[in-house]
Amino acid sequence: MKVEQLGEGRAVISMPYDTLLIGDPVTKVIHGGAVSALMDTAGGAAVVAHPLAGLGTATLDLRIDYMRPATPGQTITATAECYHVTRTVAFVRATACDADTDRPVATATGAFTVAKGRA
Amino acid sequence: MKRPEPVIQVKRRRDLALSVIVNQVPYIEFLGVSFDRHGDQLTATMAFHDDLIGNPALPALHGGATAAFLEVTAIIGLAWTSLWGEIEGESLDIEAVQTGVLALPKTIDFTVDYLRPGLPRDAYARARVNRSGRRYASVHVEAWQDNRDRLFAEASGHFLMPQRDG
Chain A
489 MKVEQLGEGR AVISMPYDTL LIGDPVTKVI HGGAVSALMD TAGGAAVVAH PLAGLGTATL
549 DLRIDYMRPA TPGQTITATA ECYHVTRTVA FVRATACDAD TDRPVATATG AFTVAKGRA
Chain B
3 MKRPEPVIQV KRRRDLALSV IVNQVPYIEF LGVSFDRHGD QLTATMAFHD DLIGNPALPA
63 LHGGATAAFL EVTAIIGLAW TSLWGEIEGE SLDIEAVQTG VLALPKTIDF TVDYLRPGLP
123 RDAYARARVN RSGRRYASVH VEAWQDNRDR LFAEASGHFL MPQRDG
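First to last, the protein sequences are chains A and B. Residues are numbered in the working numbering as their position in the first sequence, beginning at 1, plus a constant of 488. Residues are numbered in the working numbering as their position in the second sequence, beginning at 1, plus a constant of 2.
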């Protein structure tokens, strides 16, 4: 995974296609678990990148909806943003796309802990 | 009365069916997950390795690794439960299946609750199929480490069942 963009409660992280990540041997589609891991990573990074949040975070919950199978061979990019941050909890939305950026592969919503704020 | 099938034969058939289901998925090996079978009950183990750490300061397991582990457990548990009848009824032609592949359920949605930090050691998980229909299934997964009663994560998800025979 590679961080493409980071700042102001927003993170973009990409995950190149790899045969090791295949979940469905017939279609060669990447395993949902790998997409979950990407979403969680992007969500956590977005929280840490938020000006009100501390240096560390932990996932409280994460819900992922799979809209369609990712196209085999294409890099999956997840964009996560904190849409609300309190003193203790950050609420995050994330979207994952492959090369076709108009139709998301998956969307996620999650709650993350906020470490003692810097503000 | 028909004599019961020898235990060795029963175990061989069940273990072979399980290995066919599990070994076809590259991601399961990548994550370091294995399955133990007792009768029809499966327990998944994610063997600890340093790549699974998310927070080096604690250290704690990465939430993504935990989510992936639970999702793998749910999918394999669901596939196993839905094939159990055929495995036991000996209607599943394992020799034929070995050379091909078995279609797996597809995740529709998956929600993970992180109850406490994952420790840097092996993790275990079991799936329970709460509802299994022709098209959709609902599965719950519980994961723990040292103590079965102290779950570190749980999840539930909905899955689309593979359509067989057209």
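From the three backbone atoms N, C-alpha and C, an ideal C-beta is built for every residue, glycine too. The structure presented is a predicted model; accordingly, all values stated were derived computationally and were not measured.
- Look at the segment 512-592 of chain A and you find these whole runs of alpha helix (DSSP H), each 4 residues long or longer: 520-536.
- A residue is called buried when at least 16 other Cβ atoms come within 10 angstroms of its Cβ; Thr75(B) meets this threshold and is buried.
- DSSP lists Tyr126(B) and Leu153(B) as the beta-bridge partner residues of Trp146(B).
- Contact note: Ile55(B) does not reach chain A at a C-beta cutoff of 7 Å; the least C-beta distance is about 13 Å.
- Ala578(A) and Thr589(A) have their C-alpha atoms some 26 Å from each other.
- Close partners of Glu73(B) in chain A (Cβ separation under 8 Å): His519, Gly520, Gly521 and Ser524.
- Partner residues in the beta bridge of Asn57(B), as assigned by DSSP, are Ala62(B).
- Here the segment 119-138 of chain B makes no contact with the segment 552-565 of chain A; the two share fewer than three CB pairs at distances below 8 Å.
- Only residues of its own chain outside the window of five on either side were considered, and among them Arg130, Asn132 and Ser158 have a CB closer than 6 Å to the CB of His142(B), listed in chain order.
- Setting aside the 5 residues that flank it on each side, Glu88(B) is surrounded in the same chain by Leu94, each with a C-beta closer than 8 Å to its C-beta; the list follows chain order.
- Proximity of Phe154(B) to chain A, defined by a Cβ-Cβ separation below 7 Å, is not satisfied.
- Counting other Cβ atoms within 10 Å of its Cβ, Ile30(B) reaches 16 or more and is therefore classed as buried.
- If you draw a straight line from the Cα of Glu156(B) to the Cα of Gln562(A), it is about 31 Å long.
- What Asp111(B) touches in chain A, judged by beta-carbon distance under 8 Å, is Arg551, Ile552, Asp553 and Tyr554, going in chain order.
- Cα atoms of Ala67(B) and Pro6(B): separation of roughly 43 Å, rounded to the nearest angstrom.
- Closest in C-alpha terms to Asp115(B), from the list Leu80(B), Gly65(B), Glu90(B) and Arg128(B), comes Gly65(B).
- DSSP places Asp17(B) inside the alpha helix (DSSP H), whose first and last residues are Val9 to Asn25.
- Inter-segment contact for the segment 527-535 of chain A and the segment 496-505 of chain A is present: three or more beta-carbon pairs are separated by less than 8 Å.
- For Pro592(A), the nearest beta carbon of chain B is not closer than 7 Å to its own beta carbon.
- Pairwise C-beta distances place the segment 512-520 of chain A in contact with the segment 16-34 of chain B, as three or more of them are shorter than 8 Å.
- Counting the other Cβ atoms within 10 Å of the Cβ of Pro592(A) gives 16 or more, which makes it buried.
- Taking the CA atoms as reference points, Trp146(B) sits about 11 Å from Phe71(B).
- Annotation: the continuous alpha helix (DSSP H) that includes Phe32(B) extends over Pro28 to Leu33.
- In the structure shown, the three-state DSSP call for Gly79(B) is helix.
- For Leu44(B), the enclosing beta strand (DSSP E) starts and ends at Gln43 to Met48.
- Cβ-Cβ distances below 6 Å link Thr83(B) to Val131 in the same chain, with the five nearest sequence neighbours on each side left out; the list follows chain order.
- Secondary structure of Ala599(A) (DSSP, three-state): strand.
- One thing to note: Val35(B) has its Cβ no nearer than 7 Å to the Cβ of Ala19(B).
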